[in-house]
C-alpha cells in the first residue's frame with residue numbers, strides 16, 4: 022500500500038515539474054517576443070491590419086495634330102458602405118432619406134436600398150457595394166446624400182476611384198493608337214502610340230492607407246490620400262484624323278472587294294517624316310476587317326518590284342548602268358542556273374532602255390542589268406544597299422519593328438541565284454514602313470528622314486518636349502540620281518505599269534509591286550503593293566499601300582489591287598484637306614473638277630471625326646468627352662446616357678449640337 026502511494030506521489034512530482042518547466046519556457050518566450058522581437062511582431066501585425074494601396078494616376082490625353090482626341094482617361098467611382106462605424110442615432114435618422122436619394126439616382130426602389138442597408142447593419146458588414154462605375158458628377162452628388170455627408174467614419178461611405186481609357190476613334194486606327202496593359206505578374210504589354218510614349222502618358226501613382234476589415238476586404242482609413250497621384254502629360258501626335266479616316270476607308274473598301282487576308286497603308290509628310298495616317302486591317306473568319314496587327318511596323322516580307330527602285334538607285338550611283346542603256350528582254354524569259362525569270366507580259370518588251378524597263382517593271386531587264394553590272398563583284402551591289410541603310414532597322418519608338426534582310430555574298434546561304442533574284446525584290450525582306458522611308462528619301466532629294474509619330478509633349482499649356490525632324494542619312498544618293506529615278510516614277514504613272522491610275526487633275530509618282538508569297542506552301546498567293554508620293558513635281562506626302570493575298574480571280578497585280586488605293590488617298594487629300602500652297606500646284610482648269618473641289622472643301626473644312634458611342638456612360642463623362650470634340654452638348658434628365666441624337670459613327674462637325682437623353 023505504501024509502495025503504491027509513493028509511486029503516485031512521484032508521478033505527481035514529475036507532472037508538476039513538467040508544468041513548471043513549461044511555464045518557465047512560456048515566460049521566456051513572452052519576454053523574447055516582448056523585448057527582443059517586439060518591434061518586428063508589431064510591424065507585422067500592423068502590416069496585416071493596415072496596408073498602403075496604389076492609386077493609379079490618370080493617363081495624359083493623346084491628341085492628333087489638330088487637337089482631336091485619340092485617347093483620354095475618364096474617372097470612375099465605386100461606392101461602398103461600412104454598416105458598423107455608423108452610430109444607431111445617425112443610422113436611424115438618415116436611412117430613409119438616403120434610400121430615397123439612392124433610388125432617384127440609381128433607379129431601384131427606395132425599399133430595396135433600405136432593406137439592403139438594414140441587412141448589412143444586422144450582419145455587421147463593412148464593405149457593402151452600393152454602386153459601380155459612377156462618373157464624377159454622380160460621385161459629387163452621392164457624397165452629399167444624407168448619412169454619406171457625415172464622412173467616412175460617421176457616415177460609413179467608402180469611395181474607390183479608378184480610370185477607364187476611352188478612344189473616340191473607336192476601331193479606326195486602333196493598333197496605331199494602341200494601349201499599355203500590365204498582367205498579374207507585373208509585365209507590361211505596350212502597343213502603338215499609347216505603348217511607345219507611355220513614359221510621358223503614365224504619370225505618377227499615389228498611395229492610400231487602408232485597413233483590413235475582413236478576409237480580402239480593405240477599407241480606406243480616410244478620404245485623404247497619403248500621396249496624391251500626379252496625372253500624366255498630354256502627347257500631341259502627328260496623326261491627322263481626317264487623313265486617317267481617308268486611308269482607313271480606302272484600304273477597307275479594297276480589302277473587302279478583293280477578299281484579301283490583310284493590308285496596310287501609311288501616309289507620311291515628305292519634308293518632316295511625320296506619319297499622318299497608318300491603317301492596318303486584318304480579315305476575320307466571317308469576312309469583316311479590324312485593326313488586327315500593326316503590319317506596317319512589324320511585318321517584314323519580300324517587297325517584289327517596289328525594290329527595283331533600290332536596285333536602280335544603286336546601279337546609277339555605281340555607274341554600272343545609264344538610263345538610256347538598251348537592254349534586250351529576250352521575249353520575256355531569261356534563265357539563271359536552270360531557273361527562269363519571266364516578265365508579266367508574254368513575249369517580253371523587246372529591246373528597251375533601262376528607264377523604260379523601270380516604268381514597265383521588266384524582271385528580265387533588271388536581272389540582266391544587275392547581274393551583268395555586278396557579276397564580278399556582287400559585294401559592291403550589296404554594300405551600296407547597306408550604305409543606303411536598307412539592312413538596318415529605322416529605330417521606331419513603336420515596339421515590334423520587323424528586321425530587314427538584305428543578304429550578303431559572305432553569307433553561308435549566298436548562291437548564284439541571290440544576285441539576279443534580288444534585282445526584282447526576291448530574297449530580300451523589308452517592312453512597309455522601311456520601304457516607304459526609302460521612297461520618301463527619293464522624294465526628298467536623297468535626304469532620309471526618320472518617321473515620326475509625335476510632335477510635342479505638354480503639361481496642360483506648358484510645353485515639356487518638342488520633337489524635331491531627325492535625319493537618318495543626309496544623302497542616300499546624289500541629287501542627279503534622285504532626279505532621274507523621280508522622273509521614272511512619274512512616267513510609271515503616266516505611261517507605265519500604273520497608267521491605270523493616271524489623271525490629268527493631279528500628279529502622282531510611284532512604283533508598282535507584285536510578288537508571290539508563301540510559294541513554298543502553294544503557288545498563287547500574292548502581295549500587291551504600290552509606293553510613291555504626290556504631287557510628283559513638289560512632293561508633300563509619300564504613301565505606301567500593301568495588300569496580302571487578294572482573291573487572284575479578281576486580281577493580284579499591284580497596279581490593280583494596291584495602286585487604286587494610293588490614287589483614292591491622294592485625290593481625297595488633294596481635295597479634302599487643301600492648304601494654300603497646294604492650290605497653286607493643282608492647276609485645276611476643268612470646271613467640273615473645280616466644282617467637285619469646292620464641294621469637298623465645303624464638306625470637309627469643318628469636319629472633325631466620327632461620333633463616338635456614349636450610351637451607357639455617366640452624363641458628366643459623356644459631356645466632357647463630347648465637348649473635347651468641339652460639340653455643343655445638351656442633356657435631358659439625370660444619370661446614365663440612354664440615347665444620343667447623333668448616331669455613333671456619323672461624321673461630326675465643330676460646334677455641332679448633340680442631345681443626350683439620360684435614364
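Numbering (this note's numbering), first residue to last: 22 to 684.
Glycine is no exception: its CB is placed at the ideal position from the N, C-alpha and C atoms.
Residue i versus residue j: straight-line alpha-carbon distance, rounded
{"i": "residue 289", "j": "residue 464", "result": "11 Å"}
{"i": "residue 414", "j": "residue 249", "result": "41 Å"}
{"i": "residue 328", "j": "residue 270", "result": "27 Å"}
{"i": "residue 672", "j": "residue 102", "result": "44 Å"}
{"i": "residue 618", "j": "residue 592", "result": "Unreliable placement is indicated for residue 618, whose pLDDT of 38 sits below 50; the coordinate value is still reported in the next sentence. Using only the alpha carbons, I get a separation of about 10 Å."}
{"i": "residue 552", "j": "residue 154", "result": "47 Å"}
{"i": "residue 587", "j": "residue 533", "result": "11 Å"}
{"i": "residue 434", "j": "residue 668", "result": "58 Å"}
{"i": "residue 349", "j": "residue 187", "result": "60 Å"}
{"i": "residue 320", "j": "residue 169", "result": "56 Å"}
{"i": "residue 326", "j": "residue 637", "result": "50 Å"}
{"i": "residue 141", "j": "residue 95", "result": "31 Å"}
{"i": "residue 512", "j": "residue 263", "result": "29 Å"}
{"i": "residue 152", "j": "residue 161", "result": "13 Å"}
{"i": "residue 422", "j": "residue 443", "result": "22 Å"}
{"i": "residue 330", "j": "residue 497", "result": "13 Å"}
{"i": "residue 386", "j": "residue 352", "result": "11 Å"}
{"i": "residue 260", "j": "residue 380", "result": "32 Å"}
{"i": "residue 652", "j": "residue 404", "result": "56 Å"}
{"i": "residue 45", "j": "residue 109", "result": "47 Å"}
{"i": "residue 536", "j": "residue 678", "result": "50 Å"}
{"i": "residue 99", "j": "residue 227", "result": "18 Å"}
{"i": "residue 539", "j": "residue 406", "result": "25 Å"}
{"i": "residue 343", "j": "residue 632", "result": "54 Å"}
{"i": "residue 256", "j": "residue 218", "result": "8 Å"}
Beta-carbon proximity of residue i to residue j, cut-off 7 Å
{"i": "residue 286", "j": "residue 300", "result": "yes"}
{"i": "residue 85", "j": "residue 345", "result": "no"}
{"i": "residue 514", "j": "residue 530", "result": "yes"}
{"i": "residue 198", "j": "residue 78", "result": "no"}
{"i": "residue 135", "j": "residue 120", "result": "yes"}
{"i": "residue 167", "j": "residue 115", "result": "yes"}
{"i": "residue 550", "j": "residue 576", "result": "no"}
{"i": "residue 395", "j": "residue 389", "result": "no"}
{"i": "residue 567", "j": "residue 453", "result": "yes"}
{"i": "residue 461", "j": "residue 596", "result": "no"}
{"i": "residue 635", "j": "residue 654", "result": "no"}
{"i": "residue 509", "j": "residue 376", "result": "yes"}
{"i": "residue 314", "j": "residue 282", "result": "no"}
{"i": "residue 487", "j": "residue 565", "result": "no"}
From the options, residue whose alpha carbon lies closest to that of residue i
{"i": "residue 221", "options": "411, 484, 449, 189", "result": "484"}
{"i": "residue 196", "options": "203, 216, 182", "result": "216"}
{"i": "residue 254", "options": "471, 481, 313", "result": "481"}
{"i": "residue 355", "options": "432, 438, 418, 117", "result": "438"}
{"i": "residue 309", "options": "292, 341, 298, 276", "result": "276"}
{"i": "residue 210", "options": "227, 267, 374, 419", "result": "419"}
{"i": "residue 358", "options": "382, 366, 326, 392", "result": "392"}
{"i": "residue 362", "options": "97, 461, 446", "result": "446"}
{"i": "residue 427", "options": "554, 450, 273", "result": "450"}
{"i": "residue 191", "options": "312, 368, 470, 560", "result": "312"}
{"i": "residue 181", "options": "457, 97, 46, 368", "result": "97"}
{"i": "residue 556", "options": "573, 594, 676", "result": "594"}
{"i": "residue 113", "options": "139, 408, 122, 571", "result": "139"}
Neighbour flag for residue i against chain C, beta carbons, 7 Å
{"i": "residue 304", "result": "Absent here is chain C; the protein component of the structure consists of one chain."}
Bridge-paired residues (DSSP) for residue i
{"i": "residue 484", "result": "479"}
{"i": "residue 372", "result": "349"}
{"i": "residue 696", "result": "In the structure as shown, the chain starts at 22 and stops at 684, and residue 696 therefore has no counterpart that could be examined."}
{"i": "residue 249", "result": "Residue 249 is not bridged to any residue."}
{"i": "residue 657", "result": "682"}
{"i": "residue 451", "result": "322"}
{"i": "residue 200", "result": "212"}
{"i": "residue 691", "result": "Any question about residue 691 goes unanswered here, given that the chain covers just 22 to 684."}
{"i": "residue 536", "result": "548"}
{"i": "residue 283", "result": "303, 569"}
{"i": "residue 289", "result": "296, 563"}
{"i": "residue 665", "result": "681"}
{"i": "residue 357", "result": "360"}
### Query
If we count Cβ pairs, one from each stretch, closer than 8 Å, do we get three or more for the segment 575-583 versus the segment 490-500?
As far as the Cβ criterion goes, the segment 575-583 does not touch the segment 490-500, which means the pair count is below three.
### Query
If we count Cβ pairs, one from each stretch, closer than 8 Å, do we get three or more for the segment 542-549 versus the segment 331-340?
Contact fails: fewer than three Cβ-Cβ distances are below 8 Å.
### Message
Would you call the segment 97-111 in contact with the segment 131-151, where contact means no fewer than 3 C-beta pairs closer than 8 Å?
### Response
Judged by Cβ distances under 8 Å, the segment 97-111 makes contact with the segment 131-151, as three or more pairs qualify.
### Message
If contact is defined by three or more beta carbon pairs under 8 Å, each pair taking one atom from either stretch, is the segment 472-479 in contact with the segment 515-522?
### Response
The segment 515-522 is not in contact with the segment 472-479.
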